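Only one structure is covered here, and it is reproduced in the block below.
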Amino acid sequence: MAGPMKERITELLNAALERARAAGQLKSAAPVFTVEAPRDPSHGDAATNAAMVLARAEGKPPRAIAEIIRANFEPGGDIAEVSIAGPGFINFRMAPGFWHRRLFAAAREGERFWYPQLGGGRKVNVEFLSANPTGPLTVGHGRNAVLGDTIARLHEATGFKVVREYYFNNGGRQMRMLAESVRVRYLQELGIDAQLPPDGYQGEYIRDIAHQLVLRNGDRLAQGAAEEIFKNAAERAIFADIRNTCERLGIRFDVYTNELDLIKAGKIDAVIEGLRKRGLIAEYDGAVWLRGEPLGLPKDRVLIRSGPEREPTYRTPDIAYHIDKLERGFDLIIDVFGADHIAEHEGVAAAVRALGYDISPIRVIIYQFVTLTRGGEKVKMSTRKATYVTLDELIDEVSPQGEHEWSPADVVRFFFLFRKSDTHLDFDIDLAKRQAPENPVFYVQYAHARLASVFREAAKAGLVLPDEVERIDLTLLSEEELALARRLLDLPEVVRTSVEELEPHRIPFYLLEVAGDFHRYYNKPSNRIIGQDQELSRARLFLAGVIKSAIASGLRLLGVSAPERM
RNA sequence: GCGCCCGUAGCUCAACUGGACAGAGCAUCGGACUUCGGAUCCGAGGGUUGGGGGUUCAACUCCCUCCGGGCGCGCCA
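The opening position of the first sequence corresponds to residue 126 in my numbering, with each subsequent residue numbered one higher.
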């Protein structure tokens, strides 16, 4: 519901309550009531529960109180009707002129209208994906990447300054294992007998990296070559691959941060020192521990491993990393994590707070895992065992073939966003492949392409909208068309909720509804946009333009293209 | 065992964060244009929102409990 309308009605309601009290018709103090758009549009444009929340204090039935409020309500110019319904709702219906003015505003302002400015230039850091460079991106990473990027887009659109950030660990055991795996494949490539360690990486891409090393170095690395060489080669190659996949999805990062740099900058040591000063460090079993009990955590957590290397666990740099982000002065720090990280994040947050930082800027969006179904069976995925479907393969498989105006990422992006992040996502590959033309994304894009086509036809027929849109007579629009307009004009509120609650899935669901409204409207012969009556045609074409603008603006938030032709 | 998430139509999911009669898309069955794009539209069937209790004028939504599924409880990330 439009913000201005809501505020206006709230004011008028408060005035009515005041009058009723002055007249002795009500005795209790102003209640906390809400003004919202009813779920069912036939109930009106706005509704309040004021009478119902007053019922108890007044000792009267809600509908009787509603009558009192209505009797004292002096409607402003835009409110056409005030009625009482259901258990005691007071419903308001706006005059058509209100909607006409909103439509004109939408046409004039374009994206500024659809994207409410919430950020005021505040700085937000969105950390997402953050996959360690040990292999190609999998389908699970895809959900993270698309969610994170879309949250970034939502914030950009609504007036935040956004940094997209990728954090990775390159100091630990996993990277050593990666290096070792490359070395083994390298030796094998040279015909030298070598065995992958039990936890080694078995993927084909390791052989590719080893093969490249042979091409460039021959057998010079066969004896005594530093682990560093294999590690760097692997990291470089895998990152190139990850970047490429992200590029295909329309995703680019502004900042990469890694563990080794944090170590070199002494930030890890600083964390340990700070914690030690506060009595939060324990040392036993040869390791350095974060004490759980004083932080309200279930148990102690290792910060520095035992053994001669004195290696930090992943959690220590993560603490340092979050402090680093806080010190860089972001107003909002968003972490996109898989469900398996949630417990760990609590520990990290507790440590950061214990070190004296205000962690309120940090917000976490958790997403549940993606399960993949192929041939009716769940595919179990493991990076190490190389039994995964890569994100690249998925993009290839579900993207339409041939020449198109739209991006190969459209289907994948839309699918990943088409459910709430904290529910499991079941991705049936066969279905996505086979039914690609019936995917919801095509339904929405088709609505846009159809509208574009209408404008092409209108131009052919010499029908053009005036620059001064206010000259168009919107009183010619039918009730059905106004209903369509009302849903359309919801977009700014949908965007607001998506940003505030970090719930991007609202956008694709909204777009599906608008597209459905339009397809239904369009299919009725009586709703022909380009017709004999010039004035009516102009009013309808104008509305069509606003619909097109809303769909395009919504899709842009998702990183999904809005094709003019399909 | 403990913690977090989930359980809504045959399947995959929504439900404006406590509001009115729980809605879409697939799937099934039956229909619709000789002009703006049929990748569309119309209609039908399908529900005790996992079970039970509680709070509230009002519960899919909050609390308790039980059942079922996922994730975590690593000196992996």
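Even for Gly, the Cβ is constructed at its ideal location relative to N, Cα and C. Here the structure is a predicted model, which is why all the values come from computation and not from measurement.
Asked: Nearest to Thr173 by alpha carbon, out of Gly235, Tyr646 and Val157?; Found: Val157
Asked: Which residue marks the beginning of the alpha helix (DSSP H) containing Gly265, and which one marks its end?; Found: Val264 to Ala282
Asked: Using DSSP with H/G/I as helix, E/B as strand and the rest coil, what is Ser651?; Found: helix
Asked: Which whole-angstrom value describes the C-beta separation of Ala610 and Leu228, a residue pair presumed to lie in contact below a C-beta threshold of 8 Å?; Found: 6 Å
Asked: What residues are listed by DSSP as bridge partners for Gly328?; Found: DSSP, once it has assigned bridges, lists no residue as partnering Gly328.
Asked: Ends of the alpha helix (DSSP H) at Gly463?; Found: Premise fails: Gly463 lies in the beta strand (DSSP E), Leu457 to Gly463, not in any alpha helix (DSSP H).
Asked: Would you check if the distance between the CB atom of Pro633 and the CB atom of Phe543 is smaller than 7 Å?; Found: yes
Asked: Distance, Cα to Cα, Gly273 vs Leu519?; Found: 19 Å
Asked: Pick out the complete beta strand (DSSP E) segments inside the segment 128 to 178, 3 residues or longer, and give them in chain order.; Found: 171 to 173
Asked: What residue range is occupied by the uninterrupted alpha helix (DSSP H) comprising Glu206?; Found: It is not in any alpha helix (DSSP H) - Glu206 instead sits in the beta strand (DSSP E) that spans Ile204 to Ala210.
Asked: My parser needs the alpha helix (DSSP H) runs of 4 or more residues fully inside the segment 342 to 397; what are they?; Found: 352 to 373 and 384 to 389
Asked: Between His225 and the rest of its own chain, which residues show a CB-CB distance below 7 Å, the 5 nearest in sequence each way excluded?; Found: Leu599
Asked: Would you kindly work out how many angstroms separate the C-alpha atoms of Arg298 and Ala359, rounded to a whole number?; Found: 14 Å
Asked: One question on the structure: do Ala687 and Leu616 come within less than 7 Å of each other, judged by their Cβ atoms?; Found: no
Asked: Could you name each continuous alpha helix (DSSP H) segment of 4 residues or more that falls completely within the segment 403 to 463, going from the start of the chain to the end?; Found: 440 to 452
Asked: Mapping DSSP to helix, strand and coil, what is Phe214?; Found: strand
Asked: Along the beta strand (DSSP E) that carries Leu550, what are the first and last residues, could you check?; Found: Leu550 to Asp553
Asked: Can you list, in chain order, the residues of its chain with a C-beta nearer than 7 Å to that of Glu605? Leave out the 5 residues immediately preceding and following it.; Found: Tyr646
Asked: I need the boundaries of the beta strand (DSSP E) containing Glu530, first residue and last residue.; Found: Neither: Glu530 is in no beta strand (DSSP E) and is coded neither H nor E.
Asked: Do the segment 184 to 197 and the segment 134 to 146 meet, that is, are 3 or more Cβ pairs less than 8 Å apart?; Found: yes
Asked: Have a look at Arg435, Glu434, Leu303 and Arg426 and flag the residue whose alpha-carbon is nearest the alpha-carbon of Ile444.; Found: Arg426
Asked: How many angstroms separate the CA atom of Lys649 from the CA atom of Ser662?; Found: 15 Å
Asked: Between the Cα of Tyr492 and the Cα atoms of Val473, Ala475, Leu480 and Ile467, which residue gives the shortest distance?; Found: Ile467
Asked: Is it buried or exposed, Asn294, if we count other Cβ atoms within 10 angstroms and call 16 or more buried?; Found: buried
Asked: Anyone know if the C-beta pair for Ala304 and Gln313 falls short of 7 Å?; Found: no
Asked: Going by the DSSP bridge assignment, what does Asn250 pair with across the sheet?; Found: Val288 and Ile458
Asked: Between Glu352 and the rest of its own chain, which residues show a CB-CB distance below 7 Å, the 5 nearest in sequence each way excluded?; Found: Arg301 and Ala304
Asked: Which residue comes first and which comes last in the beta strand (DSSP E) that contains Ile490?; Found: Ile487 to Tyr492
Asked: Okay, do the segment 275 to 286 and the segment 238 to 254 touch, 3+ Cβ pairs below 8 Å being the bar?; Found: yes
Asked: Identify whether Ser580 lies in helix, strand or coil by the three-state DSSP scheme.; Found: It is worth fixing the name first, because residue 580 is Phe in this sequence and not Ser. Residue state, collapsed to three classes: helix.
Asked: Considering only C-alpha positions, which residue in the set Ala175, Ile134, Pro163 and His168 is nearest to Leu151?; Found: Ala175
Asked: Report the rounded CA-to-CA distance for Phe217 versus Ser678, giving the unit in angstroms.; Found: 29 Å
Asked: If you follow the alpha helix (DSSP H) that Tyr311 is in, where does it begin and where does it stop?; Found: Arg298 to Glu314
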